[in-house]
Amino acid sequence: MRIVLFAFVIAARLPAQQITALRFGHMVDASGRSTPDAVIVVQGDTIVSVGSGSRAVPAGARVVDLRRYTAIPGLIDVHTHMTYWRDKANPSVPGPRSKDSVVMAAAANALKTLETGVTTVRDLGASNYTDIAMRDSINKGVMIGPRMFVAGFGLSKLMVPRETTPSVPARGRVRDTAEIRVAIKAQVDAGADWIKMYGSSGSFQNVTGVQTFTDDEMRVAAEVAHSYHKPIAIHSYGESGGRAAMRAGAESVEHPAGVDDATLAEWARTRTMYVPTIDHNRFYAENAALLGYNAKQVAELDSFRLLNLATARRANAAGIKLAMGSDAVYWMFGENTRELGWFVKAGMSPAQSLATATTNAAELLGLPTKLGKIAPGFYADIVAVEGDPLRDINVVIDKVRWVMKGGLVVVDKRTP
Ligand SMILES: [Zn+2]
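Offset between the sequence shown (1-based) and my numbering: plus 7.
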């Protein structure tokens, strides 16, 4: 009698635990395998089974017919700046300033990101812990957006003598290893999942890649981050900073172009992920007029992008693992996955390109058994695309029709 009553209480408390069977024309993943007549069974926020044909549909399950579409795993963008918001209609007007208004504006970026099939992001740098506020709001279900892993303030080098400024690092700006330690602890205490370090100049219209932190400072930063069990991503546009970041033991190196063959060979022997972010310089060049960039700057953005593409091609050939990072800011959200097209131009198959936004990215985030695959025990992060992504990567980029994140449908653009 007690057991029956207990079971009743459990059932009453878990109304969301209904079993749903999603039927797809095909299901594909980064291994290049394609399963016809796929059935994905979801309970709560998790995939419980995957099969094929009517017999894979459990009795009593709610069935969602998506047989017109192909299922791919929810995508992961490992480099965003979700809280960088500007109005495309008034691009010269700075974005909101107060913490609350930044978070509310950034909610639009979160929605546009979901529409690209991206259900998880690593957000690499934000002011005033707005990224932490967003992450927590999304996790609580009060904001709709991708699952976020965030870094708080990125650490950047403050190039002024200690005497002229207060000694407490503010806004992540640090001068030496002592301040690096303080700043990393501050991000960890605030609730950051990752540490971000800007190891070279270069951002927006500026593509100079001058190393800012020394090799030793990067090594200390990686050691301190790891002592708190936090991974570290180091930004470097230039070659020397990229090499130093890789040698420092960063989990990922962001952006570098023009890396030499000897460094790529050494890199391939490490577990460091390369996040080229080729496409964001396309965005800046295409939006130069709105952003106020001049013709010389556009030419520099274009030549950096070509060098970045060539480096990605050589890195991929050398056996280095790549992950998809858009480096999206402003109104680039909604274009998060265009990077995948550059990876195919760099010599990857569509399946290999898909891996950069699924299995490779999940490995980088330390969640290879929860993210990046459609398999039992993984989060029910599933995207319906129209067409065959193994033949044409543009199917992933342009043909997203429906998105489930953690068992909830967050985008539905199916035509009746
Ligand atoms: Zn960035």
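Even glycine gets a Cβ: it sits at the ideal position worked out from N, Cα and C. Nothing here was measured: the structure is a model prediction, and the numbers come from that model.
Residue i to residue j, Cα distance in whole Å?
{"i": "V227", "j": "F220", "result": "10 angstroms"}
{"i": "H88", "j": "A292", "result": "18 angstroms"}
{"i": "V11", "j": "G332", "result": "Legend: pLDDT at V11 = 41, less than 50; position of this residue unreliable, no value from coordinates given."}
{"i": "P263", "j": "T365", "result": "22 angstroms"}
{"i": "N367", "j": "E224", "result": "27 angstroms"}
{"i": "S99", "j": "G32", "result": "46 angstroms"}
{"i": "N288", "j": "V149", "result": "33 angstroms"}
{"i": "R178", "j": "G39", "result": "44 angstroms"}
{"i": "L297", "j": "A66", "result": "56 angstroms"}
{"i": "W349", "j": "D334", "result": "14 angstroms"}
{"i": "I83", "j": "I400", "result": "15 angstroms"}
{"i": "G216", "j": "P238", "result": "23 angstroms"}
{"i": "M111", "j": "Q212", "result": "27 angstroms"}
{"i": "I145", "j": "V125", "result": "14 angstroms"}
{"i": "T127", "j": "M339", "result": "16 angstroms"}
{"i": "I191", "j": "N315", "result": "29 angstroms"}
{"i": "D322", "j": "I241", "result": "Per the sequence shown, residue 322 should be read as Ala rather than Asp. Going by the C-alpha atoms only, they are around 17 angstroms apart."}
{"i": "W409", "j": "T27", "result": "15 angstroms"}
{"i": "A257", "j": "T270", "result": "15 angstroms"}
{"i": "D180", "j": "T318", "result": "Checking the sequence shown, residue 180 turns out to be Arg, not Asp. Each residue's alpha carbon lies about 30 angstroms from the other."}
{"i": "V407", "j": "E186", "result": "45 angstroms"}
{"i": "A358", "j": "T42", "result": "14 angstroms"}
{"i": "R282", "j": "R69", "result": "Reading off the sequence, residue 282 comes out as Val, not Arg. Spanning the two alpha carbons is a distance of roughly 40 angstroms."}
{"i": "S210", "j": "D222", "result": "20 angstroms"}
{"i": "S356", "j": "Q24", "result": "38 angstroms"}
With a 10 Å radius around its C-beta and 16 neighbouring C-beta atoms as the bar for buried, classify residue i as buried or exposed.
{"i": "L313", "result": "exposed"}
{"i": "D286", "result": "buried"}
{"i": "R104", "result": "exposed"}
{"i": "A37", "result": "buried"}
{"i": "K412", "result": "buried"}
{"i": "Y235", "result": "exposed"}
{"i": "K328", "result": "buried"}
{"i": "S208", "result": "buried"}
{"i": "G384", "result": "exposed"}
{"i": "G299", "result": "exposed"}
{"i": "Q218", "result": "buried"}
{"i": "Q194", "result": "buried"}
{"i": "T422", "result": "exposed"}
Is it true that the CB of residue j sits closer than 8 angstroms to the CB of residue i?
{"i": "T120", "j": "G152", "result": "yes"}
{"i": "D395", "j": "V402", "result": "yes"}
{"i": "A117", "j": "G159", "result": "no"}
{"i": "V392", "j": "Y76", "result": "yes"}
{"i": "V436", "j": "V46", "result": "Limits of the chain in this structure are 8 at one end and 423 at the other, which puts residue 436 out of reach."}
{"i": "T260", "j": "T279", "result": "Residue identity differs from the one stated: residue 260 is Val in this sequence, not Thr. It is a contact, given that the beta carbons lie within the stated cut-off."}
{"i": "Y205", "j": "S163", "result": "yes"}
{"i": "R320", "j": "A275", "result": "no"}
{"i": "V85", "j": "L371", "result": "yes"}
{"i": "T387", "j": "D52", "result": "A quick correction: the sequence has Ala, not Thr, at residue 387. Taking 8 angstroms as the Cβ cut-off, A387 and D52 qualify as a contacting pair."}
{"i": "V336", "j": "Y91", "result": "yes"}
{"i": "A123", "j": "N343", "result": "Contrary to the premise, residue 123 reads as Thr rather than Ala in this sequence. Yes, the Cβ-Cβ distance between T123 and N343 is below 8 angstroms."}
{"i": "L1", "j": "V35", "result": "Since the first residue shown for the chain is 8 and the last is 423, residue 1 is missing from the structure and cannot be characterised."}
{"i": "V231", "j": "A199", "result": "no"}
{"i": "D130", "j": "M166", "result": "no"}
{"i": "A272", "j": "A324", "result": "no"}
{"i": "K106", "j": "G161", "result": "no"}
{"i": "A330", "j": "T363", "result": "yes"}
Spell out a yes or no on whether the region 60-76 and the region 364-381 are touching, meaning 3 or more CB-CB pairs, one atom from each, closer than 8 angstroms. No, they do not touch.
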